[in-house]
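In my numbering, the protein residues as written are 42 to 327.
Even glycine gets a Cβ: it sits at the ideal position worked out from N, Cα and C.
Keep in mind it's a predicted model, so treat the numbers as computed, not measured.
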Amino acid sequence: MPAQLIDGKALAEKILLDLKNKIAKLKRRPGLAAILIGDDPASILYIKNKKLACEKIGLNFHAYFYGNKTAPNITQQQIIEMISWLNSDDKVDGIIVQLPIPKKFNSQNIINKIKLEKDVDGFRRLKNINSLVNYDVLSPPLIEAVKAALKSTSQNLSGKTAVIICNSPIFSEPMKTSLEKNNIKVKIIKPEKNFSEETKKADILIIILGKKYFIKQSMVKPNAIVIDIGTNLIGKNKWAGDVDPKVAQVASWLTPVPGGIGPLTVTYLLKNVYDLALKNQKSKTI
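So, in C-alpha cells, the structure goes:
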C-alpha cells in the first residue's frame, strides 16, 4: 500500500485563516523583514512564498535582496549593519535571514545579531551552540512544521527512533531537542559512507540536504514516516524533494514536495510574527 501523503498546504490554510482574523483586530499591521543573500533558487522561492502568505493575511513584508549579481561584493559587516537598522525599526516585528547563505559568511554569527525580540526564525543562540536562547519563547517555524506534520498522522510516536539527515546544526540540533521532548530517540547523521545503515532503522526519517531524490527506497525502513524538507529546482518551474518518489512504496506517511513541510514552515513563521507583534503592542499600552 502506497504511503499516505501529509497535506501541509491544507493544514497551513486552517492556521492562516485564524491568523488573518486575529491580525485584523490589531491596532497596527505587523511587519516582517526578510534578508536574502545570494541567488539560491530554493531561497528565492521561499521568499516569494512568504511574501504571498503575508499579503494573504494582512502582514507587511519587507524584502532586502543581496544577490551575487546585484551585490557581489556585499560584506558580512554590511549585512550586520542592515540587521542593526531593522532591529531599531518599530514597524518591523520580525527579522529573518533566509538560509542557506553563501559559505563565505558565518550564518550563525549573522543570525545572532538579530534582536532576540525579533528572531521569528528562532535560530538565535547563546555561545553554546546546543542552547537556544529563545526556544521557550518562540519555537523555530521549521520545528513546528515538522511537529504538525507528525501530529497529523495520529500515530503514537513515543519510544520511536528518528534519524535526521542534515549538514547544518542550525536546523538539526533544535529539531533533535524538540523530538526528544516527546520521548523520541534521535540520531543526527550526515550523508557519509554507510549512512543508510542508520536510515534503515528509523521509524521517523527527516531529510534536509538539498539533493534531489537522494534518499532511495532501499534506504528506508518499511512503514516509516518520511519527512522530506529538501527543495530542489528541476528545469525552470518544477520542484523536487530529497526523497525519491519510489519511497512512497515502502513508507507509511510521506510529506510531498511541494505542498508538504514548505507551506507549514511559512505559516508558523507568520504565527511567530503575529505573536511578537501582539506582545509588542500590549507592552506599549501598559
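Item to complete: Measure the alpha-carbon distance for Pro143 versus Ser209 and round it to whole angstroms.
Response: Locating residue 143 in the sequence shown gives position 102, counting from the first residue. Locating residue 209 in the sequence shown gives position 168, counting from the first residue. Near 13 Å, if we compare the C-alpha coordinates of Ser209 and Pro143.
Worksheet item: DSSP puts Gln45 in a beta bridge; with which residues?
Response: To locate residue 45, count along the sequence shown from 1; it is residue 4. For Gln45, which the question treats as bridged, DSSP gives the partners Trp294.
Worksheet item: If we ignore side chains and look at the alpha-carbon of each, how far apart do Leu52 and Ala190 end up?
Response: Within the sequence shown, numbered from 1, the residue matching residue 52 stands at position 11. Within the sequence shown, numbered from 1, the residue matching residue 190 stands at position 149. Taken atom to atom, the span from the alpha-carbon of Leu52 to that of Ala190 is near 8 Å.
Item to complete: Evaluate Asp130 with the Cβ neighbour count: other Cβ atoms within 10 Å of its Cβ, from every protein chain shown; 16 or more gives buried, anything less gives exposed.
Response: Numbered from 1 along the sequence shown, position 89 holds the residue referred to as residue 130. Result: exposed.
Worksheet item: Between which two residues does the beta strand (DSSP E) carrying Ala65 extend?
Response: The residue you call residue 65 lines up with position 24 of the sequence shown. Taken as a continuous stretch (DSSP letters only), Ala65 belongs to no beta strand (DSSP E), as it is neither H nor E.
Practice prompt. Report yes if the CB atom of Val267 is closer than 7 Å to the CB atom of Val288, and no otherwise.
Written response: Residue numbering aside, residue 267 sits at position 226 when the sequence shown is read from its first letter. Residue numbering aside, residue 288 sits at position 247 when the sequence shown is read from its first letter. Closer than 7 Å, so yes.
Item to complete: Below 7 Å CB to CB, which residues in the same chain sit around Ser193 once its five sequence neighbours on both sides are set aside?
Response: What you label residue 193 is simply residue 152 of the sequence shown in a count that begins at 1. Closer than 7 Å at the Cβ level, and outside the excluded window around Ser193, lie Ile47 and Leu52.
Worksheet entry | Minimum C-alpha distance to Pro82 - residue among Gln139, Leu127, Ala44 and His103 | The residue you call residue 82 lines up with position 41 of the sequence shown. Residue Gln139 holds the alpha-carbon nearest to the alpha-carbon of Pro82 among Gln139, Leu127, Ala44 and His103.
Worksheet item: Between the C-alpha atoms of Lys323 and Arg69, what's the straight-line distance to the nearest angstrom?
Response: Reading the sequence shown from its first residue, position 282 is the one you call residue 323. Reading the sequence shown from its first residue, position 28 is the one you call residue 69. Approximately 11 Å, taken between the alpha carbons.
Practice prompt. Out of Pro263, Gly303 and Trp294, state which residue places its alpha-carbon closest to the alpha-carbon of Gly282.
Written response: Reading the sequence shown from its first residue, position 241 is the one you call residue 282. Of the residues Pro263, Gly303 and Trp294, the one whose Cα lies closest to the Cα of Gly282 is Gly303.
Fill in: Close Cβ partners of Leu127 (< 6 Å) along its chain, the five nearest in sequence each way excluded
Position 86 of the sequence shown, counting from 1, holds the residue named residue 127. Answer for Leu127: Ala74, Val133 and Ile136, listed in chain order.
Discussion item. In this structure, how does DSSP classify Val138 when only helix, strand and coil are distinguished?
Written reply: As a position in the sequence shown, residue 138 is number 97, starting the count at 1. Reduced to three states, the DSSP call for Val138 is strand.
Worksheet item: Any idea which residues DSSP pairs Asp160 with across the strands?
Response: As a working note, residue 160 is residue 119 in the sequence shown. The partner list for Asp160 (beta bridge, DSSP) reads Ile136.
Worksheet item: Between the C-alpha atoms of Ser213 and Ile249, what's the straight-line distance to the nearest angstrom?
Response: Stepping through the sequence shown from its first residue, residue 213 is reached at position 172. Stepping through the sequence shown from its first residue, residue 249 is reached at position 208. Rounded to whole angstroms, Ser213 to Ile249 spans 9 Å at the Cα level.
Worksheet entry | Inter-residue Cα distance where the pair is Asp285 and Ser219 | The residue you call residue 285 lines up with position 244 of the sequence shown. The residue you call residue 219 lines up with position 178 of the sequence shown. Those two C-alpha atoms are separated by around 26 Å.
Worksheet item: From Asp162, Lys91 and Phe106, pick the residue whose C-alpha is nearest to that of Leu100; which is it?
Response: The count along the sequence shown starts at 1 and reaches residue 100 at position 59. Across the set Asp162, Lys91 and Phe106, the C-alpha of Lys91 shows the shortest separation from the C-alpha of Leu100.
Worksheet item: For Val288, which three-state DSSP category applies?
Response: Along the sequence shown, read from residue 1 onward, the residue named residue 288 stands at position 247. Assigned with DSSP and collapsed to three states, Val288 falls in helix.
Fill in: Buried versus exposed, by CB contacts within 10 Å (16 or more), Ala65
Numbered from its first residue, the sequence shown carries residue 65 at position 24. So Ala65 counts as exposed.
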